[in-house]
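Participant: I'd like to ask you about the structure that follows.
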Amino acid sequence: MVKMSKKETMDGLALTVGFMSLFVFFYRLIQVALPAFSEAFEQKDIQKLAEALTMLV
């Protein structure tokens with residue numbers, strides 16, 4: 001078995017956390033923000049549009 005150095009282990013952890021954060025971002029975008037954004041756009045409500053964008057954070 002090949003032993004990984006501490007730096008390689010941390011790089012793997014950082015890569016895993018990065019992919020997980022991208023997954024959460026796109027999940028929130030598709031499941032929460034886009035439906036809220038389209039609803040606010042249909043109602044022409046600027047405040048709801050801004051709130052839909054803040055749901056990504």
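For the sequence shown, counting from 1, position 30 maps to 30 in my numbering; every step adds exactly one.
By construction, the Cβ of each residue, glycine as well, lies at the ideal position given by its N, Cα and C atoms.
All values reported here derive from a predicted model rather than from experimental measurement.
#1: In terms of residues, what are the limits of the alpha helix (DSSP H) holding L34?
#2: Going by other Cβ atoms of all chains shown within 10 Å of its Cβ, with 16 needed for buried, is A50 buried or exposed?
#3: So, A14 versus A36, is the Cβ gap smaller than 8 angstroms?
#4: Roughly how many angstroms lie between the CA atoms of T54 and A40, to the nearest whole one?
Facilitator: Working from what's here:
#1: Per DSSP, L34 belongs to the alpha helix (DSSP H) from 34 to 43.
#2: The residue is exposed, with fewer than 16 neighbouring Cβ atoms inside 10 Å.
#3: Here A14 is not near A36, since their CB atoms are 8 angstroms or more apart.
#4: Straight-line Cα distance between these residues: approximately 13 angstroms.
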